[in-house]
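A.B. asks:
In this note's numbering, the protein residues as written are 1314 to 1447.
Written out as structure tokens, the structure is:
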């Protein structure tokens, strides 16, 4: 009998693997035009909802690959990610300057989702305890 290993899921895949440039990996065959068009439509409606950020990021990366979008500018990819984020995560990023690259921005968003808002976003931190009571 041979043991089988479970395929990695977004919850078990390290963040570095999810945000690294897939163009550095062995190239799979390109998706056909129909698959690319469908993926582009899904990108436009992708939403995080209540699921963890890693799941959203895995879906976003898959759709970018299927839409042949990894050659797109980092700004375009960051905008697709922004459009998919939950209101809670968007709130944690208020006043935070976006990182330049898509990979760095993904790490920044990941940090904001797993660190309490005042720590993830210094702009939200209470510097004077009396201010919190107002």
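Heads up, the beta-carbon is just placed ideally off N, CA and C, and yes, glycines get one too.
Measuring CA to CA, which of 1377, 1351, 1390 is closest to residue 1411?
C.D. replies: For the purposes of this step, residue 1411 is taken as the residue at position 98 of the chain shown. Ranking 1377, 1351, 1390 by Cα distance to residue 1411 puts 1390 first.
A.B. asks: By the 10 Å Cβ neighbour count, where 16 or more other Cβ atoms means buried, how is residue 1379 classified, buried or exposed?
C.D. replies: Stepping through the chain shown from its first residue, residue 1379 is reached at position 66. Buried, since its Cβ has 16 or more Cβ neighbours within 10 Å.
A.B. asks: What is the DSSP secondary structure of residue 1352, reduced to helix, strand or coil?
C.D. replies: Position 39 of the chain shown, counting from 1, holds the residue named residue 1352. Looking at residue 1352 - three-state DSSP - the assignment turns out to be helix.
A.B. asks: Can you find the residues in the same chain that come closer than 7 Å, C-beta to C-beta, to residue 1397, ignoring five residues on each side of it along the sequence?
C.D. replies: If you number the chain shown from 1, residue 1397 lands on position 84. Within the same chain, residue 1397 has close Cβ partners 1359, 1360, 1361, 1369, 1373.
A.B. asks: In whole angstroms, give me the CA-to-CA distance for residue 1363 and residue 1427.
C.D. replies: By one-based count along the chain shown, residue 1363 stands at place 50. By one-based count along the chain shown, residue 1427 stands at place 114. Those two C-alpha atoms are separated by around 14 Å.
A.B. asks: Take the Cβ of residue 1346 as the centre, count every other Cβ of all protein chains shown within 10 Å, and call the residue buried at 16 or more, exposed below.
C.D. replies: As a working note, residue 1346 is residue 33 in the chain shown. By the neighbour-count rule (16 or more Cβ atoms within 10 Å), residue 1346 is not buried but exposed.
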